[in-house]
Each structure stands twice: as C-alpha cells, then as structure tokens.
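Asks: Here full-length UniProt numbering is used: the first residue of the sequence shown is 1, the next is one more, and so on.
Ideal Cβ positions, reconstructed from N, Cα and C, are used throughout, including at glycine.
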Amino acid sequence: MRVLGIETSCDETGVALYDSDRGLIGQAVYSQIELHAAYGGVVPELASRDHVRKLLPLLQEVLEQAGVRPREIDGVAYTAGPGLVGALLVGAGVGRSLAWVWQKPAVGVHHMEGHLLAPLLEEPAPSFPFVALLVSGGHTQLVEVEAVGRYRLLGESVDDAAGEAFDKTAKILDLPYPGGPELARLAERGDPGRYRFPRPMTDRPGLDFSFSGLKTYTLNALREELAARDDREQTRADVARAFEEAVVDTLVIKCRRAVREMRVGTLVLAGGVSANRRLRERMERMMRDEGGRAYYPRPALCTDNGAMIAFAGYQRLAAGQHEPLAFSARPRWPMDSLAAV
Ligand code: ATP
Ligand code: MG
Ligand code: FE
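Encoded structure:
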C-alpha cells in the first residue's frame, strides 16, 4: 500500500510517500524559517499563504523522486490538527481534494501521533508497549503507548513546552530564530561546571513538567554577569550549557520515573527537541542503566515532516479508517481521544 502524507500544521510544508513494502520512497520538506525570521516567530497568515505556494510543487517533486504516478497511490493522509488552523486547512483541503480526484480514501492524522510513530520508520523499530517522550515546540508529554491509537497521557508540561523554552531562552541569548538548535550549538562550547540551574518539579512525585521558570533563571544569570561587566562569549556559552543540562537532566529524571512506574524496557523519543544530541546520549545511557533501550528517529524525522504523517496515515488506512468527503481541522485535539486501529 502506498500512502501520500501531507504536513502543514505550522511552518514546515512536508510531503512524503510511504510504501508498506519498501518504506519511505520519496520525501521533501520546505521550511519557512526565513519567512518568519524577521518577526521572531511564526506569523500564522504568512504560514498559510506559503503552504499554498509550496505544497503542489513539493508534491510534484516527491512523485518524481519516487517514480510513482498518482494512480499508483492508494490513499492520502494529511495533518488535521493540532496546529494553526489556517495552515492545517491548506493541507487538509489539498489532501482531501487529491483523494477525491484520485478516488482514493483520505485520512486526517493527529500531528503528535505522527511524531510519536516516526521512530517506527527506523531500523530496528521499537516494539509495543513503550513509554514515549514527546518533546517539540508545542508539547512536552509522557505517553504510555500500548499500540497504534492506544495512548494514555502520563504527564505533561504545565506551562512552556521544552522546545518553546529552548526558543525563548535562545532569544534571551541573542541567538537567531529559531533558537533551539542554535542554543544547542552554543552550549557545546560551554563549561558544565560553571553554573547549575534548577531541575524543575523533580523533587516531588509525578510526571508533569514545568519549563517556564528556566528561561527567567537564564535571564537573571545573564543580567548578573552583565552587571559585573562580564559579557564574554564564553559566559553566554556557559549559560546556554547550564540551561541545556537542566532541561535534559529534568527530562531524563522524569523518563526514568515513567519507565520504572510502567515497568517497560522501551523508551521512545520523538518531536523536534529529540534531535538534541545531548538529550539522545543521556537517554540512551539512562535506559541502558535500567536494562532497556531508548529509540529515536534520525534528526530529519524529529522535526516536522510529511513522512511521519504518511506513516501514521498508513496505519489507519490499512485498518480501514478514512474520512467522509467533508473535512475539518482541529487546532486543539487531545491525543488520548483517538480511536484504536
Ligand atoms: P508541535 O509538534 O508540538 O506542534 P512544532 O511542530 O513546532 O510543535 P517540532 O517541529 O516538532 O515542533 O520541533 C521544533 C522544536 O524543536 C523547536 O522548538 C526547536 O527549537 C526544537 N529543536 C530542534 N532541534 C533542536 C535541538 N537540536 N536542540 C534543542 N531543540 C531543538
Ligand atoms: Mg517548525
Ligand atoms: Fe511538530
């Protein structure tokens, strides 16, 4: 079965083709980073318009890459939420229309289910059941996963998502937008011994997170150094390192707690922040200590992409699920309300 996947929930236009026999046979992502950089964040209306411009050219590119004609596609999957509603409607409208013209089924995919299942595109793939840490620009969640569509939320951020905290802290450090990866790069040169930032909410039981305090902590640390006339590049790197260490350590502590409580030996990392090298290394080490294993996708499948939507859509289409001709998008959509396949 060949499924076309379309992702337009935020500022990446992603298109991919998943073949259940051969795996990913074509994929392309266009990032709108430059478009939004001048504003320091995503401008929803500009995002929608750019998806309109880029979606069909990307589709053509992917079809050529895969050497596949439209009639050889068996179904279409598009992101139906959560995300920016105008942006979502572009992908949903195009996806639903293509499926109608091709007379094939279409399915609306949950963006976070896409992230969550992306590690299954890799070899070796994790097997169910597992605990998943979803860490992205808009979400930080621990989810117990029994099977495709069987999700139980174990804990989540009560304020900023980890990726959001990375991006906001990067801004404080004067790094260009979007800051997460830039901050990680700066932290490489930082001395981990100079500052120690708190590990929020780790001193009490539970699996929730809070990351908004860490950016204030960064701001204060930086202000103190500036007041003491220390504005060296090394100081910024040391502060970035302290921030990254605090986020990574907090995530590791909560993940260890979750796998112990759930008694599972498999931890899956997904979402943009799971591209972070230090996070991957620490989680691998922690899971080895626990006698289990951590899984995560290649960096290109951590951030937004069409492949994860094609793959999640395939799971649902293969189980016979699809949408009627009317389509909709949901800016908010709790993942544990999804049907099992
Ligand atoms: P959501 O998936 O919750 O709707 P999103 O789609 O905007 O949000 P993703 O595309 O999954 O989020 O991930 C983007 C986030 O990942 C950004 O916040 C970015 O800063 C962060 N990120 C990407 N690479 C890294 C890295 N190496 N280190 C830290 N953060 C990173
Ligand atoms: Mg993005
Ligand atoms: Fe995402």
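Across which residues does DSSP place residue 110 in a beta bridge pair?
Replies: 81
Asks: Quick one: what's residue 75 bridged to in DSSP?
Replies: 3
Asks: Alpha helix (DSSP H) containing residue 65: first to last residue?
Replies: 44 to 66
Asks: Is any non-hydrogen atom of the ligand ATP found closer than 7 Å to the C-beta of residue 181, if you look at the structure I gave you?
Replies: In this structure, the ligand ATP has a non-hydrogen atom nearer than 7 Å to the beta-carbon of residue 181.
Asks: Just verifying my parser: in three-state terms, what is the DSSP assignment at residue 311?
Replies: helix
Asks: Leaving aside the five residues before and after residue 197 along the sequence, list all residues of the same chain whose C-beta is less than 8 Å from its C-beta, in chain order.
Replies: 214, 217, 218, 221, 242, 243, 245, 246
Asks: Run the CB neighbour count on residue 103, radius 10 Å, all protein chains shown included, and call it buried at 16 or more, exposed below.
Replies: exposed
Asks: For residue 302, verify whether its CB is less than 7 Å away from any heavy atom of the ligand MG.
Replies: no
Asks: With H, G and I counted as helix, E and B as strand and the rest as coil, what does DSSP make of residue 18?
Replies: Correct three-state label for residue 18: strand.
Asks: Any chance you could list the alpha helix (DSSP H) runs of at least 4 consecutive residues sitting entirely within the region 213 to 298, in chain order?
Replies: Taking only runs of at least 4 residues, the alpha helix (DSSP H) segments lying wholly in the region 213 to 298 are 233 to 262, 277 to 289.
Asks: Give a single yes or no on whether residue 160 has its beta carbon closer than 7 Å to a heavy atom of the ligand MG.
Replies: The answer is no for residue 160.
Asks: At what residues does the alpha helix (DSSP H) containing residue 166 begin and finish?
Replies: It spans 162 to 172 - the alpha helix (DSSP H) in which residue 166 sits, taken as one unbroken run.
Asks: Applying the criterion that 16 or more other CB atoms from any shown protein chain within 10 Å of the CB defines a buried residue, is residue 172 buried or exposed?
Replies: Looking at its Cβ environment, which holds 16 or more other Cβ atoms inside 10 Å, residue 172 is buried.
Asks: Does the beta carbon of residue 44 fall short of 7 Å from some heavy atom of the ligand ATP?
Replies: no
Asks: By alpha-carbon positions, which one of 79, 180, 98, 122 ends up nearest to residue 296?
Replies: 122
Asks: For chain D, find out if any of its Cβ atoms is closer than 8 Å to the Cβ of residue 145; answer yes or no.
Replies: Absent here is chain D; the protein component of the structure consists of one chain.
Asks: Would the region 103 to 119 count as touching the region 74 to 84 if we require 3 or more Cβ pairs under 8 Å?
Replies: Segments in contact, yes.
Asks: Let me check understanding here. Comparing Cα to Cα, which of 59, 179, 163 lies closest to residue 279?
Replies: 163
Asks: Within the chosen definition, does the region 139 to 151 reach the region 111 to 121 through at least 3 CB pairs nearer than 8 Å?
Replies: yes
Asks: Can the beta-carbon of residue 269 be found less than 8 Å from the beta-carbon of residue 133?
Replies: Cβ distance < 8 Å, so residue 269 and residue 133 count as in contact.
Asks: Please report the residue range of the alpha helix (DSSP H) in which residue 185 lies.
Replies: 179 to 188
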